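A.B. asks: The structure is given below, and queries will be raised subsequently.
Number of protein chains: 2
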Amino acid sequence: MKDYLPLIEEALDRYSGSFDLPEMFVRSMRYSLLSGGKRIRACLCLACCELVGSRAEDALPFAAALEMIHAYSLIHDDLPAMDDDDMRRGKPSSHKAFGEGNAILAGDGLLTMAMRLLCDVPGQEAAKKAIFQGALEMAAGQSLDLNVTARDRASLQRIHDFKTGALFRAACLSGAFRGGCDAADASRLRTFADKLGLLFQMTDDLLDQEKDEAEDKLTYVTLLGAERTRQEIQALTQDIRALLAGYEGEAATYLLTLTDRISTRKA
Amino acid sequence: MKDYLPLIEEALDRYSGSFDLPEMFVRSMRYSLLSGGKRIRACLCLACCELVGSRAEDALPFAAALEMIHAYSLIHDDLPAMDDDDMRRGKPSSHKAFGEGNAILAGDGLLTMAMRLLCDVPGQEAAKKAIFQGALEMAAGQSLDLNVTARDRASLQRIHDFKTGALFRAACLSGAFRGGCDAADASRLRTFADKLGLLFQMTDDLLDQEKDEAEDKLTYVTLLGAERTRQEIQALTQDIRALLAGYEGEAATYLLTLTDRISTRKA
C-alpha cells in the first residue's frame, strides 16, 4: 500500500522553514503544523493527482498548503473564544503553549504562508482557486457552527458541507486539476470528496458519542441516533466504492483503503 | 486632484458581496471592511499602476485585496489578546460588535477573501506574489511587536518594516507590476514605499504622543524625542520628492500630495 506521509512531512518541514521570518512566529507556526495528524487532506490531494495520471509529487505544494490551512483552522478553533480546547494531538494547544496573541498570529501566519507558497507555483490557476474557495467556505462553516441555533438535519448538513466538506473538495479538486484531469474526473472527484467528508464527519460523531463528548452538541448521532448513523456510513461507503470503480492503479487502491479505514476508524 | 476613493469604495462593496456565504459571516466582514478609513494602501496601489502608464481601474482587485488584508489585521489587532481596543474608526471594534469568536472568523474570512478574489484575476503572478509576501511579513511584524523586549532603534525599525512597511510595499509593487512597470520603476517604487511607510509611522507616533497615548510604548518619539522625529520626517519628505521627480501626470501629483498630507497630518 502506497504511503504518501513521508513525502508530505518532508515537504511541510521544508516549506515552513523556507521563509525568512522572526523566530517566535516561525516556531509557533511549526509547533502546530509539524505535530503529526493523519494528513488526510494532503493524502487526498496527492492521491487524486496520481489517480488522473500524474506524479503525486507534482501536487506537493497544494498538499502542503492544505495542511497549513487545516492547521490554522485548528489553532483558531481551539481558542477560548471558539471551542476552548487546551489539548490538540496530545500536546498543549497553541494558545496554551504560546499565549492567545501568538496563537492568533500563528493561525494567521499559516493561512498566509499557504497562499504565499502557492505564489511560487507558476500557472495552475484552477488548482489554486480550488484551494482558496475551500478555505473561504471552511471559515464560513466555522461561522455557521458558532452561530447555529436550528437543530435540524439541513442545518447540520450545511455546516459540515462548509466546515469539513470544503477542504475535502479543495484537496481532491486541487490534486486532480494539478494532475490534468478532465471535466468528468473533476465532477466525479467532487462527489467523492463530498461523500468522504460526510463519512468522516459521521464516524467522528460516532466516536465523540462513544467518548461521551457529544451530549448537547448537534451531531449526526444526536440527530439520527447511532444505529441510523451506522447505516448511513455503510451506504456512503458503498457509494464511494462505486465512484472509484472506474479507476485502476495504486492511487485508486489507496483511496479505497482510506475510505475503508475512515468507515471503520476507532480514533 | 485625483480621487481614487469612490472607485475603491464601490469595488470593496461589490467584491465583498459577490460570494455566496452565510449571513453573519458576510455581515461581520463587511462591518469592518466598509467602515471608511483613508484607504491609503488601495490608493497607493491604484496610483502606482497609473504612474507607470496603465489605467488605475486595472489594479482594482489588488487594491481591494489590500484593504481586505488591512481590515483583517485591524480586527485581529483589536482583540483582547492583542491590543485590546474597544473602538475602531469611531464605532465598536469587531469583537465588541459581534463577540470574539465572530471577530476572529471575520478576520480569517477577509484574509481568505482577498486571496480568493485574486484567483479571479488571470495571470499577474508578480503582483499577486507582492500582495501575499506583504501579508506574510505584516503578520510577522505583529508577532515581532507582540514579543519585542529590546528598546533600540534597530528593533523598532524592524518591527515597522514588517508591520507597516510590508503592506505599503505590497501596495506600490502590486500596482506597479499590474501596470507593467520595468525593473527600475519597481526598485524606485519599493524605496518610495519603504520611505512612505516610515514617514507614516513617525507621524503616527507624533500624533500618539500628542494624545498622551505613547507613554511606555516603544515609538520613534519615545526613542528619538519629538524634535528629532520631526527632523527625520522633513528629511524623508525630501527623499520621497526626489524619488518621484522623474514621473509626470496626475498620478505623480497625487502621490506628492499624499506624501505632503501624511507629512503634515493631524489625525
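Protein chains in written order, with our numbering: chain V, 1 to 267; chain A, 1001 to 1267. Where a beta carbon is used, it is the ideal one built from N, C-alpha and C, also for glycine. Since the model is a prediction, treat every value here as computed from it, not as a measurement.
Quick check on this structure: which residue in ALA150(V), ILE262(V), LEU105(V) has the alpha carbon closest to the alpha carbon of THR203(V)?
C.D. replies: Here residue 203(V) refers to the residue found at position 203 when the first sequence is read from its first residue. Of the listed residues, the one whose Cα sits closest to THR203(V) is ILE262(V).
A.B. asks: Anything in chain V within Cβ reach of MET1113(A), meaning under 7 Å, just list it in chain order.
C.D. replies: Within the second sequence, numbered from 1, the residue matching residue 1113(A) stands at position 113. Under the 7 Å cutoff, chain V gives LEU136.
A.B. asks: Examine the Cβ distances between the stretch 157 to 167 of chain V and the stretch 177 to 187 of chain V and report whether three or more of them are shorter than 8 Å.
C.D. replies: These segments do not touch.
A.B. asks: For LEU1223(A), tell me which candidate among LEU1258(A), THR1191(A), GLN1157(A), THR1264(A) has the shortest Cα-Cα distance.
C.D. replies: Taking the second sequence and counting its residues from 1, the one referred to as residue 1223(A) is at position 223. Nearest C-alpha to LEU1223(A): GLN1157(A).
A.B. asks: Work out the CA separation of LEU1060(A) and LEU256(V) for me, nearest whole Å.
C.D. replies: Start at 1 with the first residue of the first sequence, and residue 256(V) comes out as number 256. Start at 1 with the first residue of the second sequence, and residue 1060(A) comes out as number 60. The alpha-carbon atoms of LEU256(V) and LEU1060(A) are separated by roughly 45 Å.
A.B. asks: Mapping the DSSP letters down to three states, classify MET1115(A) as helix, strand or coil.
C.D. replies: If you number the second sequence from 1, residue 1115(A) lands on position 115. Here MET1115(A) sits in helix by DSSP.
A.B. asks: Provide the residue(s) that pair with MET87(V) in DSSP beta bridges, ordered along the chain.
C.D. replies: Against the first sequence, residue 87(V) aligns to sequence position 87. DSSP, once it has assigned bridges, lists PRO92(V) as partnering MET87(V).
A.B. asks: Take GLY1141(A) and list the residues in its own chain whose beta-carbon comes closer than 7 Å to its own, dropping the five residues that flank it on each side.
C.D. replies: By 1-based counting over the second sequence, the position of residue 1141(A) is 141. Cβ within range, chain order: ILE1159, PHE1162, LYS1163, ALA1166.
A.B. asks: Taking the straight line between their C-alpha atoms, what separation do you get for ILE1040(A) and PRO1006(A)?
C.D. replies: Counting from 1 along the second sequence, the entry for residue 1040(A) is found at position 40. Counting from 1 along the second sequence, the entry for residue 1006(A) is found at position 6. For ILE1040(A) and PRO1006(A), the distance between alpha carbons rounds to 13 Å.
A.B. asks: Among SER1016(A), THR1259(A), ASP1260(A), GLU1248(A), which has the Cα closest to the Cα of LEU1110(A)?
C.D. replies: Position 110 of the second sequence, counted from the start, is the residue given in the question as residue 1110(A). Measuring from the Cα of LEU1110(A), the nearest candidate turns out to be SER1016(A).
A.B. asks: I'd like to know whether the C-beta atoms of ALA1071(A) and ALA1130(A) end up nearer to each other than 9 Å.
C.D. replies: Counted from its first residue, the second sequence places residue 1071(A) at position 71. Counted from its first residue, the second sequence places residue 1130(A) at position 130. For ALA1071(A) and ALA1130(A), no; Cβs fall outside 9 Å.
A.B. asks: Measure from the alpha carbon of ALA1245(A) to the alpha carbon of each residue in THR1259(A), ALA1226(A), ARG1230(A), then state which is nearest.
C.D. replies: In the second sequence, the residue the question calls residue 1245(A) occupies position 245. For ALA1245(A), the nearest C-alpha among the options comes from THR1259(A).
A.B. asks: Helix, strand or coil, according to DSSP, for VAL1148(A) in the structure here?
C.D. replies: Taking the first residue of the second sequence as 1, we reach residue 1148(A) at position 148. Note: VAL1148(A) maps to coil in three-state DSSP.
A.B. asks: Under 9 Å, Cβ to Cβ, is there at least one residue of chain V near PHE1177(A)?
C.D. replies: To locate residue 1177(A), count along the second sequence from 1; it is residue 177. No, because no Cβ of chain V sits closer than 9 Å to the Cβ of PHE1177(A).
A.B. asks: Have a look at LEU105(V), ASP239(V), SER54(V), LEU136(V) and flag the residue whose alpha-carbon is nearest the alpha-carbon of LEU1144(A).
C.D. replies: Sequence index remark: in the second sequence, residue 1144(A) carries index 144 (1-based). It is LEU105(V) whose Cα lies nearest to the Cα of LEU1144(A).
A.B. asks: Going straight from the alpha carbon of GLU1337(A) to that of GLN1201(A), what length do you get?
C.D. replies: Limits of chain A in this structure are 1001 at one end and 1267 at the other, which puts residue 1337(A) out of reach.
A.B. asks: Could you tell me if the beta carbon of ALA1193(A) falls within a distance shorter than 8 Å of some heavy atom in the ligand SAM?
C.D. replies: No copy of the ligand SAM appears in this structure; indeed no ligand is present at all.
A.B. asks: I'd like to know if GLU67(V) contacts chain A, where contact means its C-beta is closer than 9 Å to some C-beta of that chain.
C.D. replies: Locating residue 67(V) in the first sequence gives position 67, counting from the first residue. Taking Cβ atoms only, chain A never reaches closer than 9 Å to GLU67(V), which makes this a no.
A.B. asks: Is it a yes or a no for the stretch 95 to 103 of chain V touching the stretch 1090 to 1107 of chain A, going by three-plus beta-carbon pairs under 8 Å?
C.D. replies: No: fewer than three Cβ pairs fall under 8 Å.
A.B. asks: Output, in chain order, the set of chain A residues within a Cβ distance shorter than 8 Å of GLY109(V).
C.D. replies: The residue given as residue 109(V) occupies position 109 in the first sequence. Simply LEU1136, ALA1139, ALA1140, SER1143.
A.B. asks: Out of curiosity, what's the CA-to-CA distance linking THR1253(A) and GLN1234(A)?
C.D. replies: Sequence index remark: in the second sequence, residue 1253(A) carries index 253 (1-based). Sequence index remark: in the second sequence, residue 1234(A) carries index 234 (1-based). Spanning the two alpha carbons is a distance of roughly 19 Å.
A.B. asks: Considering just the uninterrupted stretch of the alpha helix (DSSP H) at ARG188(V), what are its terminal residues?
C.D. replies: Here the question's residue 188(V) lines up with position 188 in the first sequence. Segment 183 to 210, the alpha helix (DSSP H) holding ARG188(V).
A.B. asks: Throw me the rounded Cβ distance for the LEU12(V) and GLU67(V) pair, which I believe falls under 8 Å.
C.D. replies: Indexing the first sequence from 1 puts residue 12(V) at position 12. Indexing the first sequence from 1 puts residue 67(V) at position 67. With 8 Å as the limit, LEU12(V) and GLU67(V) qualify as a contact, their Cβ atoms being about 6 Å apart.
A.B. asks: Indicate whether LEU1218(A) and ARG1265(A) have their beta-carbon atoms separated by less than 9 Å.
C.D. replies: The residue you call residue 1218(A) lines up with position 218 of the second sequence. The residue you call residue 1265(A) lines up with position 265 of the second sequence. For LEU1218(A) and ARG1265(A), no; Cβs fall outside 9 Å.
A.B. asks: Could one say the Cβ of SER1032(A) lies closer than 9 Å to chain V's Cβ atoms, at least one of them?
C.D. replies: The residue you call residue 1032(A) lines up with position 32 of the second sequence. For SER1032(A), the answer is no, since every Cβ of chain V falls outside 9 Å of its Cβ.
A.B. asks: Going by CA-CA distance only, name the one from PHE1177(A), GLU1137(A), ALA1251(A), GLU1232(A) that's closest to ILE975(A).
C.D. replies: Residue coverage of chain A in this structure runs from 1001 to 1267, which leaves residue 975(A) outside it and unanswerable.
A.B. asks: LEU1199(A) CB to nearest chain V CB: under 9 Å?
C.D. replies: On the second sequence, residue 1199(A) is found 199 positions in, with the first residue counted as 1. Answer no: the Cβ-Cβ gap between LEU1199(A) and chain V never drops below 9 Å.
A.B. asks: Excluding five sequence neighbours on each side, which residues of the same chain lie with their C-beta closer than 8 Å to the C-beta of LEU33(V)?
C.D. replies: By 1-based counting over the first sequence, the position of residue 33(V) is 33. Closer than 8 Å at the Cβ level, and outside the excluded window around LEU33(V), lie LEU12, SER16, GLU67, MET68, ALA71, LEU110.
A.B. asks: Mind checking if HIS1070(A) is an interface residue toward chain V, Cβ cutoff 9 Å exclusive?
C.D. replies: Residue numbering aside, residue 1070(A) sits at position 70 when the second sequence is read from its first letter. No, HIS1070(A) lies away from the interface with chain V (no Cβ there is under 9 Å from its Cβ).
A.B. asks: Taking the alpha carbon of PHE132(V) as the point to measure from, which residue in PHE1019(A), GLU1248(A), ALA1064(A) has its own alpha carbon closest?
C.D. replies: To locate residue 132(V), count along the first sequence from 1; it is residue 132. That would be PHE1019(A), whose Cα lies nearest to the Cα of PHE132(V).
A.B. asks: When you compare the CB of CYS1119(A) with every CB in chain V, is at least one pair closer than 9 Å?
C.D. replies: The count along the second sequence starts at 1 and reaches residue 1119(A) at position 119. With 9 Å as the cut-off, CYS1119(A) counts as an interface residue toward chain V.
A.B. asks: So TYR1004(A) and ALA1047(A) are in contact, right, with Cβ under 8 Å, and what is the actual spacing, rounded?
C.D. replies: Taking the first residue of the second sequence as position 1, residue 1004(A) is located at position 4. Taking the first residue of the second sequence as position 1, residue 1047(A) is located at position 47. With 8 Å as the limit, TYR1004(A) and ALA1047(A) qualify as a contact, their Cβ atoms being about 7 Å apart.
A.B. asks: Which residue marks the beginning of the alpha helix (DSSP H) containing SER1032(A), and which one marks its end?
C.D. replies: What you label residue 1032(A) is simply residue 32 of the second sequence in a count that begins at 1. Counting along the chain, the alpha helix (DSSP H) containing SER1032(A) begins and ends at 1023 to 1033.
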